[in-house]
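Student: In this text, residue positions in the sequence shown follow this note's numbering: the first is 28, and each later residue adds one. Below: one structure in structure tokens.
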Amino acid sequence: MDTPAATPLFVEFKDQVLFAEFSPYEWSPNLICIAFHNNISVGRIKFQEEDDEMEEEIDFQVLHKFFHEVRPDCLAWNPESSISTLPKHVSFCTGGADYQLRLFESDLSNNHSIQVLEGHTYYINSIAYDMDGEYLASGSDDSTCRLWAIKDKYSCFAVMNFRTAVVSVCFHQEEPGKLMVALKKGKIIQVNVNTQQRIMTFDCGTEPLLSADWSPSNSLCVVAVAEQELTWWDTSKSRNPVESRMIHTTNACAVRCCPLSDTYVATFGEPDHQLKVLSLNSNVPQLIANLQLTTNISWHHHLPYVCAGNDYQLGFWKVTTK
Numbered sequence: 028m029d030t031p032a033a034t035p036l037f038v039e040f041k042d043q044v045l046f047a048e049f050s051p052y053e054w055s056p057n058l059i060c061i062a063f064h065n066n067i068s069v070g071r072i073k074f075q076e077e078d079d080e081m082e083e084e085i086d087f088q089v090l091h092k093f094f095h096e097v098r099p100d101c102l103a104w105n106p107e108s109s110i111s112t113l114p115k116h117v118s119f120c121t122g123g124a125d126y127q128l129r130l131f132e133s134d135l136s137n138n139h140s141i142q143v144l145e146g147h148t149y150y151i152n153s154i155a156y157d158m159d160g161e162y163l164a165s166g167s168d169d170s171t172c173r174l175w176a177i178k179d180k181y182s183c184f185a186v187m188n189f190r191t192a193v194v195s196v197c198f199h200q201e202e203p204g205k206l207m208v209a210l211k212k213g214k215i216i217q218v219n220v221n222t223q224q225r226i227m228t229f230d231c232g233t234e235p236l237l238s239a240d241w242s243p244s245n246s247l248c249v250v251a252v253a254e255q256e257l258t259w260w261d262t263s264k265s266r267n268p269v270e271s272r273m274i275h276t277t278n279a280c281a282v283r284c285c286p287l288s289d290t291y292v293a294t295f296g297e298p299d300h301q302l303k304v305l306s307l308n309s310n311v312p313q314l315i316a317n318l319q320l321t322t323n324i325s326w327h328h329h330l331p332y333v334c335a336g337n338d339y340q341l342g343f344w345k346v347t348t349k
């Protein structure tokens with residue numbers, strides 16, 4: 028049963044929502060990508076907190092639909108995306124069920140382009156852009172993390188082989204030149220992007236590790252989920268985790284850190300496609316919501332909303348993070 032704090036706002040769709048991804052950048056926080064089985068919708072979303080004259084609590088507008096010939100499995104926003112200046116420009120990358128990366132660019136008018144990047148030989152689990160728009164990283168079930176040079180026509184300049192599936196890749200705005208790579212076998216590795224040398228390694232102690240994140244508001248905080256547990260590290264103190272705790276009774280599938288607070292995280296897991304929001308300082312979840320179907324969670328850049336797909340809906344939950 029949902030907790031009292033879990034009264035969501037819903038946007039309805041005709042097609043089943045696979046996942047959604049807010050733009051994580053301060054200059055484009057109202058952009059959102061919504062993934063369906065054969066298309067990606069780029070939308071603009073506004074909440075009542077941003078405009079006192081809004082009559083509804085939420086306003087959603089589709090800006091453009093991009094055909095996606097296979098099922099999209101993951102997505103990342105390019106930091107160059109913005110609709111607040113002219114010409115408007117949106118750019119993002121997807122990982123498809125055919126093991127290919129697709130780069131989408133558009134001015135939301137007459138100019139649209141798609142570029143396909145090949146190289147992975149199995150499912151792509153995670154994609155990330157660095158904040159300066161220099162690099163794209165992709166992690167796959169083929170046990171590799173590939174690095175692509177954006178300004179060199181997305182040429183692949185490095186392939187790191189980890190002998191186990193790469194489940195998450197993350198850059199951090201406060202740590203230029205570093206990449207966090209999370210591995211299914213339970214390890215999280217920070218590497219130098221230019222040399223591919225390992226800087227630091229953390230061991231979750233449990234496998235399979237299915238998801239990890241690097242807190243946007245605190246570069247010293249790293250979180251991961253494996254089996255039923257949430258594990259987190261303060262990397263300034265030790266390579267050993269601060270704590271591991273059980274959060275889902277069957278499997279914890281994904282975790283995302285709140286950009287507004289380094290102590291709040293959202294997870295989803297089984298049973299019941301359960302969304303949870305909790306503080307690392309408390310054992311009592313602030314939010315529990317049972318969903319019909321979801322595969323991903325995403326936080327708004329500067330408003331306390333977490334979003335998740337719910338079959339033919341996209342739900343937005345407001346969370347108190349102070």
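Beta carbons are placed, not taken as given, at the ideal position from N, Cα and C, and that holds for glycine. Fair warning: this is a prediction, and the values are worked out from it, not measured in the lab.
1. Which term fits Met273, buried or exposed, when burial requires 16 or more other beta carbons within 10 angstroms of its beta carbon?
2. DSSP three-state label for Gln217, please.
3. In terms of residues, what are the limits of the beta strand (DSSP E) holding Pro99?
4. State the DSSP-derived secondary structure class of Gln340, mapped to helix, strand or coil.
5. Quick check: the Cα distance between Ile216 and Glu82, rounded to an integer number of angstroms?
6. Spatial neighbours of Lys345 within its chain, please: CB distance less than 7 angstroms, with the 5 preceding and 5 following residues excluded, ordered by chain position.
7. Could you tell me which residues DSSP puts in a beta bridge with Ser306?
8. Could you tell me whether the region 284-291 touches the region 261-275, using the rule of 3 or more Cβ pairs below 8 angstroms?
9. Measuring only the C-alpha atoms, how far is Tyr181 from Trp175?
10. Only counting the same chain, and skipping five residues up and downstream in sequence, which positions put a Cβ closer than 6 angstroms to that of Lys41?
11. Look at Ser288 and Phe49 and say whether their C-beta atoms are less than 8 angstroms apart.
12. For Arg205, which three-state DSSP category applies?
13. What are the start and end residues of the beta strand (DSSP E) that includes Asp86?
14. Short of 6 angstroms in beta carbon distance, which residues of its chain neighbour Asn278, apart from the five on each side in sequence? Order them along the chain.
15. I need the straight-line Cα distance from Asn337 to Leu320, nearest angstrom please.
16. Which one or two residues does DSSP pair with Tyr150 in a beta bridge?
17. Excluding the 5 residues preceding and the 5 following Gly70 in the sequence, name in chain order all residues of the same chain whose CB lies nearer than 7 angstroms to its CB.
18. In three-state DSSP terms, what is Ile141?
19. Evaluate Pro31 with the Cβ neighbour count: other Cβ atoms within 10 Å of its Cβ, from every protein chain shown; 16 or more gives buried, anything less gives exposed.
20. Quick one: give me the first and last residue of the beta strand (DSSP E) that Leu351 is part of.
21. Quick check: Phe198 and Met158, are their CB atoms within less than 8 angstroms of each other?
Tutor: For this structure:
1. Mapped onto the sequence shown, residue 273 falls at position 246. Exposed: under 16 other Cβ atoms inside 10 Å.
2. For the purposes of this step, residue 217 is identified with residue 190 of the sequence shown, where counting begins at 1. In the structure shown, the three-state DSSP call for Gln217 is strand.
3. Translated into positions along the sequence shown, residue 99 becomes position 72. DSSP places Pro99 inside the beta strand (DSSP E), whose first and last residues are Pro99 to Trp104.
4. Here residue 340 refers to the residue found at position 313 of the sequence shown. DSSP places Gln340 within a strand segment (E or B) once states are collapsed to three.
5. Mapped onto the sequence shown, residue 216 falls at position 189. Mapped onto the sequence shown, residue 82 falls at position 55. Near 47 angstroms, if we compare the C-alpha coordinates of Glu82 and Ile216.
6. Translated into positions along the sequence shown, residue 345 becomes position 318. Excluding sequence neighbours, Lys345 sits near Pro331 and Tyr332.
7. Start at 1 with the first residue of the sequence shown, and residue 306 comes out as number 279. Its beta-bridge partners are Tyr291.
8. Not touching, per the Cβ criterion.
9. The sequence position of residue 181 within the sequence shown is 154, counting from 1. The sequence position of residue 175 within the sequence shown is 148, counting from 1. Whole-angstrom Cα-Cα distance: 5 angstroms.
10. The residue you call residue 41 lines up with position 14 of the sequence shown. The beta carbon of Lys41 sits closer than 6 angstroms to none of the beta carbons in its chain outside the five residues before and after it.
11. Looking up residue 288 in the sequence shown gives position 261. Looking up residue 49 in the sequence shown gives position 22. No, they are not a contact pair.
12. On the sequence shown, residue 205 is found 178 positions in, with the first residue counted as 1. The sequence shown places Lys at residue 205, not Arg. In the structure shown, the three-state DSSP call for Lys205 is strand.
13. Walking along the sequence shown from the start, residue 86 turns up at place 59. Counting along the chain, the beta strand (DSSP E) containing Asp86 begins and ends at Ile85 to Phe94.
14. Walking along the sequence shown from the start, residue 278 turns up at place 251. In chain order, Gly296 and Glu297 place their CB closer than 6 angstroms to the CB of Asn278, counting only its own chain and leaving out the 5 sequence neighbours on each side.
15. Numbered from its first residue, the sequence shown carries residue 337 at position 310. Numbered from its first residue, the sequence shown carries residue 320 at position 293. Their Cα atoms are separated by approximately 5 angstroms.
16. Translated into the one-based positions of the sequence shown, residue 150 becomes position 123. For Tyr150, which the question treats as bridged, DSSP gives no partner whatsoever.
17. Numbered from its first residue, the sequence shown carries residue 70 at position 43. Ile59, Ile61, Phe87, Gln88, Val89 and Leu90, listed in sequence order.
18. Looking up residue 141 in the sequence shown gives position 114. Here Ile141 sits in strand by DSSP.
19. Locating residue 31 in the sequence shown gives position 4, where the first residue counts as 1. With a pLDDT of 48 at Pro31, under the threshold of 50, the predicted position of this residue should be treated as unreliable, and no value is reported.
20. What is shown of the chain runs 28 to 349, which leaves residue 351 out entirely.
21. Taking the sequence shown and counting its residues from 1, the one referred to as residue 198 is at position 171. Taking the sequence shown and counting its residues from 1, the one referred to as residue 158 is at position 131. Contact: yes.
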